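Line by line, the protein sequences are chains A, B, C, D, E and F.
Using the numbering used here, you'd call the opening residue of the first sequence number 1 and step up by one each time.
Using the numbering used here, you'd call the opening residue of the second sequence number 1001 and step up by one each time.
Using the numbering used here, you'd call the opening residue of the third sequence number 2001 and step up by one each time.
Using the numbering used here, you'd call the opening residue of the fourth sequence number 3001 and step up by one each time.
Using the numbering used here, you'd call the opening residue of the fifth sequence number 4001 and step up by one each time.
Using the numbering used here, you'd call the opening residue of the sixth sequence number 5001 and step up by one each time.
Glycine residues also receive a C-beta, built at the ideal position from the N, C-alpha and C atoms.
Treat the numbers as computed from the prediction; the structure is a model and nothing was measured.
Worksheet: one structure, shown below.
6 protein chains.
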Amino acid sequence: MTAGQPLRTDPPSQQRRHAPPALHPAVVPSYPPPESDNDESWVWSQIKAEARRDADAEPALASFLYATVLSHPSLDRSLSFHLANKLCSSTLLSTLLYDLFVGSLAAHPTIRAAAVADLLAVRSRDPACAGFSHCLLNYKGFLAVQAHRVAHVLWAQNRRALALALQSRVAEVFAVDIHPAAAIGKGILLDHATGVVIGETAVVGDNVSILHHVTLGGTGKAVGDRHPKIGDGVLIGAGATILGNVLIGAGAKIGAGSVVLIDVPPRSTAVGNPARLIGGKKGDDMPGESMDHTSFIQQWSDYTI
Amino acid sequence: MTAGQPLRTDPPSQQRRHAPPALHPAVVPSYPPPESDNDESWVWSQIKAEARRDADAEPALASFLYATVLSHPSLDRSLSFHLANKLCSSTLLSTLLYDLFVGSLAAHPTIRAAAVADLLAVRSRDPACAGFSHCLLNYKGFLAVQAHRVAHVLWAQNRRALALALQSRVAEVFAVDIHPAAAIGKGILLDHATGVVIGETAVVGDNVSILHHVTLGGTGKAVGDRHPKIGDGVLIGAGATILGNVLIGAGAKIGAGSVVLIDVPPRSTAVGNPARLIGGKKGDDMPGESMDHTSFIQQWSDYTI
Amino acid sequence: MTAGQPLRTDPPSQQRRHAPPALHPAVVPSYPPPESDNDESWVWSQIKAEARRDADAEPALASFLYATVLSHPSLDRSLSFHLANKLCSSTLLSTLLYDLFVGSLAAHPTIRAAAVADLLAVRSRDPACAGFSHCLLNYKGFLAVQAHRVAHVLWAQNRRALALALQSRVAEVFAVDIHPAAAIGKGILLDHATGVVIGETAVVGDNVSILHHVTLGGTGKAVGDRHPKIGDGVLIGAGATILGNVLIGAGAKIGAGSVVLIDVPPRSTAVGNPARLIGGKKGDDMPGESMDHTSFIQQWSDYTI
Amino acid sequence: MTAGQPLRTDPPSQQRRHAPPALHPAVVPSYPPPESDNDESWVWSQIKAEARRDADAEPALASFLYATVLSHPSLDRSLSFHLANKLCSSTLLSTLLYDLFVGSLAAHPTIRAAAVADLLAVRSRDPACAGFSHCLLNYKGFLAVQAHRVAHVLWAQNRRALALALQSRVAEVFAVDIHPAAAIGKGILLDHATGVVIGETAVVGDNVSILHHVTLGGTGKAVGDRHPKIGDGVLIGAGATILGNVLIGAGAKIGAGSVVLIDVPPRSTAVGNPARLIGGKKGDDMPGESMDHTSFIQQWSDYTI
Amino acid sequence: MTAGQPLRTDPPSQQRRHAPPALHPAVVPSYPPPESDNDESWVWSQIKAEARRDADAEPALASFLYATVLSHPSLDRSLSFHLANKLCSSTLLSTLLYDLFVGSLAAHPTIRAAAVADLLAVRSRDPACAGFSHCLLNYKGFLAVQAHRVAHVLWAQNRRALALALQSRVAEVFAVDIHPAAAIGKGILLDHATGVVIGETAVVGDNVSILHHVTLGGTGKAVGDRHPKIGDGVLIGAGATILGNVLIGAGAKIGAGSVVLIDVPPRSTAVGNPARLIGGKKGDDMPGESMDHTSFIQQWSDYTI
Amino acid sequence: MTAGQPLRTDPPSQQRRHAPPALHPAVVPSYPPPESDNDESWVWSQIKAEARRDADAEPALASFLYATVLSHPSLDRSLSFHLANKLCSSTLLSTLLYDLFVGSLAAHPTIRAAAVADLLAVRSRDPACAGFSHCLLNYKGFLAVQAHRVAHVLWAQNRRALALALQSRVAEVFAVDIHPAAAIGKGILLDHATGVVIGETAVVGDNVSILHHVTLGGTGKAVGDRHPKIGDGVLIGAGATILGNVLIGAGAKIGAGSVVLIDVPPRSTAVGNPARLIGGKKGDDMPGESMDHTSFIQQWSDYTI
């Protein structure tokens, strides 16, 4: 995690189990605005170039690509349009959602910067990703996270009913259920994404990769700070369930199908049901970025993430 | 289970593995009609008050809240409207579904009473629940269960094609797949709900809490009574898989990620893959109601539900 | 696997870990065209008879049944209509998708034949299946596989942007995420189907049964051939996670909730997290067809698929 | 006009130019409820028989016919469904309108009786009418009048905003603009109907036939009773414009394209721009019922209605 | 009229008032199929070029242009798509209509040829027409006539319920009401088109131009052949009403707002309410093609068409 | 006309028949921006007060009123939302249109000012107008004119394809066909509006009232300046047809059903088919504002507007 995120990088053992999740502004992820808009400009130009190439090659998709990408002057307009048309319903009209997304993305450049970071992350980490436009248009995990960021801002502004309505639509349309109060960093990959559940007081650092069916859940009826805290660069395998206010240290790996109720130290690996720790310090490699699922197999012969 | 449900409380070992799932009327859940409509009136007045408060505070949501809640004279009309608009498709129009739900809820007061019991259950058990209206409008587990109750009545009336069509829409829209023949009690919490699968001959008691990705499945090709029977007050953790005509006794807890193929005695806890029993009688506490995921951790150091 | 599928039956240990997934035509599943169209004619006549019976018995469903089945001259028209109306969105119109499906099914009789084989498989294997029309109209796993077959053809024709858009819609609408490049055999049952994920270089043989929440995933950032190869007649239980370029031999069984990172020999059973092998050769029975989840329980007392 | 409509049959010269259009209950058309429901039952049985015949003969239309007619238990349900689906918009949902129509038709049997009278009138007067179901489903004039009757009741109940919203939808969808306060009798044929405009204080008697582009308009800015009063059995030709609080006597004919600003005596004919009277008493024939456009041609050689 | 249309060119005074409108195949317009498809190919290539130019210049419209024109392989596919999406409703789905239009245009090349002739006619006659694509996409008169041609074929095939349903949708969506039995030639311009009504036994020749609010109506209750017969090259001004089985000779002009109940000789002009003849033979000019509204003004000082 | 509109007030007899309709910027109506935004603020506050009153009184309409009015921060947002949802289609999405309207109204304050002037005009002139919100929400003439103003700006910006697409949607949805090049003043009332047609080179002054079925048409094939010029304060009765480049002087009245091909001097009245002039100078009264249809009746006994 970056220095700009003291809440999450302060010694977790001292604070995270005490305070209820006070919604002071710091809960809004603190990732800095894009340094020079260069990344955003470059990514947007790539997206348009890809969409133009695909529209030329595939007439059946051209209308879709013009509607979602090529008719828009900027990435945030394109994203707002796409989300509004995905998440609208007969009682929550697309124009209303479009207004909400355009306004939120304009007022919060950090959301735009995080979306760009996510696009860069997916592109570099997922070998099945065919381009930035593929991610923008087709990855329901990417779209769910962007909608969550808007819901998170609404929650911090105490517009909770609207934030919860947005969460609900994301849960229905993308099968991704992230509580608006949860704080999510940037450079996030939700791969496949179906069934991901992230609870109210969960915190997810930067450059984290989360596979489908992953739960960052609470431990029942307790109120207050009751969900996991995921450090930077963590990789969480498909179907892993992490419950309670535990800390998954930066650079840790959680094996697929694991059930984790304990703190996992940085750069270590937890696997199994119940999860136990295997391996240990492994250099500077960050698995959330390298997506290295396999290097520890030698240590634990019959397992994987 | 209550005294009113003899089918499910008779010694399970004697009957449940024999009879095919005869669809005599008793399969329709036997929860009594609301004693005096007091609960329903009170919950509905709360829902309207919450919706009015939110509509005043959030103009962007007011249209949605008037359409779904504030324009309706009663809870069953509001629920019917909301379900019809959620579940309709281009070939299954909202007006048709609305008619079906209004008619079913009017003819079967037990469905209305169960919906009220579910709302009370969610409100008291889920710390993330922001109000009755939040549950009514946004919890896809709640909505899926109400639609299932209507499908269950249709199934009992031998209107199976319509019941199956309804199941299919619920499975697509909410990602919750409950066979119309399955008997579900009242006071149910399906939290997050994505991926829940409940099979044809499953029976679920009252005051049960089921997390997402839970399967109450069969054991393959066998016909007849082949799915789990879940007692009153049971708590089933995220991702748990219970297979076959086994009995999970009243007040039992099933750990997250567990794979259960055996009977679990009342008030005991099963965890792991394959699941084994830990802990035992623990007083009168019903985990499905208390949502106590953690008290047994001392007994089994590295595990949770 | 049949003799017609050399790619998948050649000694897997020699080739599957080396070559990147070259998209030569052989990746298009090689199931033969229907021998005499007899199966297709017979299944279609059954579907129409069922739909007519249901339309007569249930006026509320008649409009739906005429729109989806009874107004169509053939199974492929009915399927194309149904898929187009399920998968369309505000930016991907139903008429465009209908054209795409009608054209693809006309040009590729093997897709039609595989759909018929799937219908026969579901009907014979799933005791909850109420008829062919039930499967055609209501099984999101069935519909997802048919849409995948069209996406797979598009991928092989290098129309990748359209193939990925189709995958994305299937992932959103049915919560089934199958990469267009994955090769899927015929006679497939995706039961319940929510959350199934099948990766880019996965190959699935004929007569395979896959329950919900099953992942055939990769092992991270590696490019090239990195997903499982599933032999003919395999049965994969709910929530199982199979990762990496491993071979699940013909007739093998994978237990529910298992996490598999190793090759599983033909007709053997793997269970647990991490999965270990139990049992062994068991005659000619193919569990993917018999759906026998229980016969090995004697060998492994507290487990199941 | 019948004896039951004193407001309209009292000497018009004495009252109609004075009183502002007081909205006492008598403005609600006074046509009696159906004597024995026989007409309604018979017409409904005919409609169903026609729809069943057409559904059998034309599979492409069967879904439409089941949705609009054959799935409904009664004429008023069928009509409510059809109107709701025609008049709904993205901000005025079909379920809301359906509720409104079902409720209004149930509370006001005179509206149902008038609809039946209209169906009988169209069937007997329009040689292009292919059956009752043809009128019910396809005549926008018929549908506009039925929606107006509901708007008229709402207006009389002082629910003016809703009445005006309904008028607006009818004007957009059917291009028929009838002010909710206008009183329309029964046995009405609006043939083709495009462009018909009927003002606030207009009164239309029973058994009137009105062709398209007909205006019953006011004379500008004046408030109060300022629109035409049309007697029973009147026939108004295409494009005729009748302006001001004039009385068109029972059984009169107004020629096509006429511009009428004067009273027209009973059973006489007015033609031309400006209209002048031709012909006179012509026996008991009521042109609004006989649709006799031609008998006066001998009197006025080069003209017609 | 051409030699290929004997029904309409036989001495009208002898036959047109006797025979009821027998629906033998000759009622299907007899315009020949395109001589070499050259016109169709050329017009289609022009439409695509225009659409491509506009899509490049106007990103906001590009999605629309790709969906309606540029993604289609041929004019009849583009037209079928556009009509299906215009005329569909919640009970008459676009895919069903698309199928109907594609099938009808494929089976009846004369409809395609007539559409091409209409496009050429509009382009050459209407100074406000900005191009072929403008007409194809935006002229509701053009679209209404094409849909009518399909309804006319259905009527001739005795598929009357479907033909009438199509007429009804055209009347609602385009405010153009053409009875399916009416025979319409080719090279037709319906300019502005709102409110056009053409009755059951009307016949319209080739190269006719009809402005908005024009009625070709019957004279009341009479059955049988009761609507106007319009010769080739006729021009009918806005708001003109022509009633009864009269013959408007080839090359005649009908003034705006006229009410015509008499035969009008070829190449003569009728104006006024009631209409009287002015002018006479005027050379070979065909006003339906030249759109000459003004040359007769010298003859009748204060009038126009 | 005001001094700010020289194009239209220059001696018309000298120029209007010569120049082709050069589209220099002056064609964009020159009405001044609102003097102090006071009118707009006041009208908007009235609209919100009316909508709030109606939402409180009529729960069935509250959702509609919140969606269209009460959730918006300004009149131009409300109008943009309402128009976008009215005019959208399956190939022209509401979000795209919303963007277009919001952007155009922001960039062109004169359009906003003209909309306010129209609202004030309708409110003061139409006795059937129940309030500003009634006009904003329900008057299709008002909505058509506002959409036209946006199309007119697009036309002037040479974005002709988009302008024509907008015209086409307005013509379909509201049955009002105004060419984007036509210049329309402010303070306009299009009452009932069905069937209004206004041609390419027409110019309409300020404070003009136009009833339904009015045509401002050309005279055929001629290119160039060929449509009527309507002075300030003109009143045009229902069904009137004005053809050719004639000048209707300020304060003139055109009778209902008239066919006008001649210049009409200021403050005079033209009636009949063909129209002739009756009456003459009548003081300072402007009929387009006073809606006085009746004062000239004494002069012409059997006629009206």
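Original post:
Going by beta carbon distance, what residues of the same chain come within less than 6 Å of glycine 5257 (chain F), once the five residues before and after it are set aside?
Top reply: Gly5239
Original post:
Residues bridged to threonine 3215 (chain D) by DSSP?
Top reply: D:Val3197, D:Thr3241
Subject >> Neighbour list for proline 2059 (chain C) in chain D, Cβ cutoff strictly below 9 Å >> reply: The contacting residues are Tyr3066, Leu3070, Ser3071, His3072, Pro3073.
Original post:
Going straight from the alpha carbon of glutamate 50 (chain A) to that of valine 5102 (chain F), what length do you get?
Top reply: Taking the straight line joining both Cα atoms gives about 29 Å.
Original post:
Does DSSP put serine 2290 (chain C) in a helix, a strand or coil?
Top reply: helix
Original post:
Tell me which same chain residues have a C-beta within less than 7 Å of the C-beta of phenylalanine 4132 (chain E), skipping the five on either side of it?
Top reply: Excluding residues up to 5 positions away in sequence, Val4043, Gln4046, Ile4047, Glu4050, Leu4119, Arg4123 lie with their Cβ nearer than 7 Å to the Cβ of phenylalanine 4132 (chain E) in the same chain.
**OP:** Could you tell me whether the Cβ atoms of leucine 2154 (chain C) and alanine 2165 (chain C) are closer together than 7 Å?
**Re:** no
Subject >> histidine 1134 (chain B) to leucine 1143 (chain B) span [Cα, whole Å] >> reply: 12 Å
**OP:** Please name the residue or residues paired with arginine 1276 (chain B) in a DSSP beta bridge.
**Re:** B:Val1271
Original post:
Name the chain D residues that come within less than 9 Å of asparagine 5085 (chain F), Cβ to Cβ?
Top reply: Ser3089, Ser3090, Thr3091
Subject >> Alpha-carbon to alpha-carbon, isoleucine 4210 (chain E) and alanine 3181 (chain D) >> reply: Rounded to whole angstroms, alanine 3181 (chain D) to isoleucine 4210 (chain E) spans 36 Å at the Cα level.
Subject >> Endpoints, alpha helix (DSSP H) assigned at histidine 3134 (chain D) >> reply: Segment 3132-3138, the alpha helix (DSSP H) holding histidine 3134 (chain D).
Original post:
Along chain E, which residues have their Cβ under 7 Å away from the Cβ of alanine 62 (chain A)?
Top reply: Tyr4066, Leu4070, Ser4071
**OP:** Give the residues of chain C in contact with serine 1168 (chain B), contact being defined as C-beta atoms less than 8 Å apart.
**Re:** Residues of chain C passing the Cβ test: Leu2137, Asn2138, Tyr2139, Lys2140.
Original post:
If you follow the alpha helix (DSSP H) that lysine 5048 (chain F) is part of, which residue opens it and which one closes it?
Top reply: 5038-5057
**OP:** Could you tell me which of E:Asn4273, E:Ile4242, E:Gly4272, E:Gly4255 sits nearest to aspartate 4263 (chain E), measuring between CA atoms?
**Re:** E:Ile4242
**OP:** Could you name the residues that DSSP lists as bridge partners for alanine 183 (chain A)?
**Re:** A:Val203
Subject >> leucine 4092 (chain E) - partner residues in DSSP beta bridges >> reply: E:Ser4089
**OP:** Rounded to whole angstroms, what's the CA-CA distance from isoleucine 111 (chain A) to arginine 4125 (chain E)? Just pull it up for me.
**Re:** 55 Å
Subject >> Proximal residues, the segment 5183-5202 of chain F versus chain E, C-beta separation under 8 Å >> reply: Against chain E - using a Cβ distance shorter than 8 Å - the residues of the segment 5183-5202 of chain F are Thr5194, Gly5195, Val5197, Gly5199, Glu5200.
Original post:
Hey, does glycine 4257 (chain E) have any beta-carbon neighbour from chain F nearer than 7 Å?
Top reply: yes
Subject >> phenylalanine 5223 (chain F) classed as buried or exposed, judged by whether at least 16 other C-beta atoms fall within 10 angstroms >> reply: The amino acid at residue 5223 (chain F) is misidentified as phenylalanine; the sequence shows valine. The residue is exposed, with fewer than 16 neighbouring Cβ atoms inside 10 Å.
**OP:** May I ask you to report which of helix, strand or coil DSSP gives serine 3209 (chain D)?
**Re:** strand
Original post:
If you drop the 5 nearest sequence neighbours on each side, which residues of the same chain put their C-beta closer than 7 Å to that of histidine 72 (chain A)?
Top reply: Within the same chain, Cβ atoms closer than 7 Å to the Cβ of histidine 72 (chain A) are found at Ser78, Phe81, the five residues on either side in sequence being excluded.
Subject >> Beta-carbon proximity list for aspartate 5206 (chain F), same chain, < 6 Å, skipping 5 on both sides >> reply: Gly5185, Lys5186, Gly5187, Asp5232
**OP:** Just tell me which of D:Leu3261, D:Glu3289, D:Arg3169, D:Gln3157 has its CA closest to the CA of lysine 3140 (chain D).
**Re:** Ranking D:Leu3261, D:Glu3289, D:Arg3169, D:Gln3157 by CA distance to the CA of lysine 3140 (chain D) puts D:Arg3169 first.
Original post:
Who does leucine 4190 (chain E) pair with in a DSSP beta bridge?
Top reply: E:Ile4210
**OP:** Using only alpha-carbon positions, find the residue among C:Met2291, C:Ala2084, C:Gly2199, C:Val2204 that is nearest to threonine 2068 (chain C).
**Re:** Here the closest residue by C-alpha is C:Ala2084.
Original post:
Does DSSP classify isoleucine 1262 (chain B) as helix, strand or coil?
Top reply: coil
**OP:** Give a yes or no on whether the C-beta atoms belonging to valine 5204 (chain F) and isoleucine 5236 (chain F) are separated by under 7 Å.
**Re:** Not a contact, by the Cβ cut-off of 7 Å.
**OP:** Return no unless some Cβ of chain A is closer than 7 Å to the Cβ of threonine 5095 (chain F).
**Re:** yes
Subject >> Cutoff 7 Å: phenylalanine 81 (chain A) Cβ touching any chain F Cβ >> reply: yes
Original post:
Taking 7 Å as the CB-CB cut-off, is proline 1274 (chain B) touching chain A?
Top reply: no
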